[in-house]
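In my numbering, the protein residues as written are 58 to 164.
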């Protein structure tokens with residue numbers, strides 16, 4: 058799973074690409090994630106959202122646009138990113154950035 062985290066920025070992250078990379082079947086990868094109570098796609102989405110939520114607090118990304126951050130973590134559609142972020146964190150990415158600034162969480 059560490060390999061997945063290291064490759065979050067690749068938009069074409071898929072079960073098929075990972076199965077091919079490790080010479081296993083896609084079903085094998087799917088079963089691994091099912092054993093953890095999730096799917097490959099859900100896991101990748103969650104990791105991307107967590108990383109996107111972390112980056113605005115990093116001084117290297119504090120002034121980057123929300124779109125830049127979304128694309129950096131592998132989202133190709135800004136609207137989908139914003140909807141997913143709001144569903145996961147209960148606020149928009151811009152609101153999360155502003156909250157980090159108010160809380161002094163920018164590192």
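A virtual CB, placed ideally from N, CA and C, is assigned to each residue, including glycine.
- Within the stretch 97-123, the runs of alpha helix (DSSP H) that reach at least 4 residues and sit entirely inside it are, in chain order, 97-111.
- Per DSSP, residue 83 is one residue of the alpha helix (DSSP H) stretching across 83-92.
- Separation of the CB atoms of residue 65 and residue 108 is rounded to 6 Å, and the pair is thereby assigned contact status at 8 Å.
- A direct Cα-to-Cα measurement between residue 91 and residue 76 gives close to 15 Å.
- For residue 159, the closest alpha carbon among the candidates 114, 126 and 101 is that of 114.
- Per DSSP, the continuous alpha helix (DSSP H) segment holding residue 139 begins and ends at 135-146.
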